[in-house]
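Quick note: the sequence shown, position 345, residue 357 per the working numbering, numbers continuous.
Beta carbons: idealized from backbone N, C-alpha and C, even for Gly.
Since this is a predicted model, take the numbers as computed values, not measurements.
To start, the structure under review is shown below, and the notes come after it.
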Amino acid sequence: MQADTITKELPSLSMPFQDRGDLLRCPATGAALHLAPGEFVSSSGRRYPIEDGIPNFFVPVDPNMSDHDVTEMVKAFYEETPFPNYDDLDSRESLAAKARHSLFAAALDEQLPNGATVLEAGCGTGQLTNFLGLSWRRRVFGGDICHNSLRLADGFRTRFRIVNAAFLQMNLFRPPFRDESLDVIISNGVLHHTGDPRAGYEGLLRKLKPGGYILIGMYNFYARLPTLWRRWAFKQFGPTLHFLDRRLVAGAMNEGRWQAWFRDQYRHPHESRHSIDEILGWFETSGVEFLSSLPAADGGNFTKATPLFAPQSRATASTRLAVQLQALLSGGQDGGLFIMIGRKRS
């Protein structure tokens, strides 16, 4: 009877859970996990329920970590307003078309290694995870703290039969994966919303195989300033100044996406800012080789053909500073986000 129940549970879990399930580990103890009716159970006896088809592997961080209070605050924020929504996406094709408008997403889709197991840590509503999961050449896990976001993500996945994507609820500081088990980890626009971004980065890095790739997107110390100035102006003078953000201009987005963007950029309860040189320092002290960045550290143009996973110039400190100041002067596009890509050394 139990075996029959487990068999019936499997169709509700997508392919990555079925053929990469050996990678999963108890986030609290690191013990192995096995699938039981309606839940995953660790060999140490801990139970993780499957809710709405989404395994809940969330466990709190160590109370001694500075992130303890921030985690619950940020979780509550995104439970209220998942970001972004799916209001204008009604097919696999519309998702792919939207994603390919991003040079980064298009390049990632073209250049990820064949057969890679990928984790998007902090996937939000999972649009990138679902997009990358459209390909049969990889398995993609999307993990996030917010169950409401994950319900939107998995609902889209189920509706359009995206079998190579899978979603789970997790704490960024305690990913439920075996150490050195993942080929690629993506955490874009997430770590700066934690109380200890570097600790979050190091926790993710432990799950990456030697030779694997890590991609982290952070708010830039300089390029984020225009957004902070607009935040102050909106707070002081209200919606009459919304024209300062081109995305908030009438007709640019539907109402749901407008609200999600506005709250994420101008009402978020916690964020930090970082520089290219700071992340280079993280890479150097954690055994990660710098490969490339967006914008390019040497100021070069980025196209879909730009190699993400081949070593590019890190330029000089003065050139890197000039690149970041240029991002400031151009208005801090995409909220002042920059992406750093590295390879974990053997």
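Per DSSP, which residues does residue i bridge with? Please list them.
i, result
"residue 225", "196, 355"
"residue 133", "155"
"residue 230", "350"
"residue 128", "150"
"residue 266", "Per DSSP, none; premise fails for residue 266."
"residue 37", "44"
"residue 183", "186"
"residue 52", "47, 60"
"residue 177", "152"
Would you tell me roughly how many angstroms separate the C-alpha atoms of residue i and residue j, rounded to the nearest one?
i, j, result
"residue 175", "residue 24", "10 Å"
"residue 118", "residue 57", "42 Å"
"residue 139", "residue 107", "7 Å"
"residue 391", "residue 236", "The displayed coordinates of the chain run from 13 to 358. Any statement about residue 391 would go beyond what the structure contains."
"residue 353", "residue 27", "27 Å"
"residue 232", "residue 150", "30 Å"
"residue 190", "residue 45", "10 Å"
"residue 65", "residue 52", "12 Å"
"residue 99", "residue 270", "11 Å"
"residue 250", "residue 345", "22 Å"
"residue 72", "residue 187", "11 Å"
"residue 80", "residue 63", "Its pLDDT being 49, under 50, residue 80 is placed unreliably in this model, and the coordinates cannot settle the point."
"residue 123", "residue 317", "9 Å"
"residue 55", "residue 30", "19 Å"
"residue 357", "residue 224", "8 Å"
"residue 9", "residue 334", "The structure shown has nothing for residue 9, since the chain only spans 13 to 358."
"residue 248", "residue 337", "26 Å"
"residue 147", "residue 290", "34 Å"
"residue 78", "residue 88", "Only weak support exists for where residue 78 lies, its pLDDT of 47 falling under 50; the coordinates are left without a value."
"residue 39", "residue 212", "14 Å"
"residue 272", "residue 339", "24 Å"
"residue 105", "residue 330", "43 Å"
"residue 127", "residue 67", "23 Å"
"residue 279", "residue 165", "23 Å"
"residue 266", "residue 96", "11 Å"
"residue 16", "residue 84", "Residue confidence for residue 16 is low, a pLDDT of 44 falling below 50, so the modelled location carries little weight and cannot support an answer."
Rounded C-beta distance between residue i and residue j? I'm assuming under 8 Å.
i, j, result
"residue 120", "residue 144", "7 Å"
"residue 355", "residue 300", "7 Å"
"residue 137", "residue 94", "5 Å"
"residue 303", "residue 323", "5 Å"
"residue 277", "residue 347", "6 Å"
"residue 228", "residue 203", "6 Å"
"residue 256", "residue 274", "Actually they do not touch by this definition, with Cβ atoms about 12 Å apart."
"residue 351", "residue 200", "7 Å"
Kindly say whether residue i, judged by its beta-carbon, lies nearer than 8 Å to any beta-carbon of chain B.
i, result
"residue 217", "No chain B is present in this structure, which holds just one protein chain."
Check: Do the stretch 269-287 and the stretch 105-114 touch if we need at least three Cβ pairs shorter than 8 Å?
Finding: The stretch 269-287 is not in contact with the stretch 105-114.
Notebook entry, point to check: Using 8 Å as the Cβ pair cut-off and three pairs as the minimum, do the stretch 150-157 and the stretch 172-191 touch?
Noted result: Enough Cβ pairs lie closer than 8 Å, so yes.
Check: If you pair each beta-carbon of the stretch 294-312 with each one of the stretch 159-173, do three or more pairs fall below 8 Å?
Finding: Counting Cβ pairs under 8 Å, fewer than three are found: no touch.
Next item on the list: Give, in chain order, every unbroken run of the beta strand (DSSP E) that is at least 3 residues long and sits entirely within the stretch 273-348.
Entry: The qualifying runs are 300-306.
Note to self: Counting beta carbon pairs with one atom in the stretch 217-224 and one in the stretch 184-199, are three or more of them shorter than 8 Å?
What the structure shows: The answer is yes - the stretch 217-224 touches the stretch 184-199, with three or more Cβ pairs under 8 Å.
Next item on the list: List in chain order: all unbroken alpha helix (DSSP H) runs of 4+ residues lying wholly within the stretch 66-126.
Entry: If we require 4 residues or more, the alpha helix (DSSP H) runs fully inside the stretch 66-126 come out as 80-92, 104-112, 115-123.
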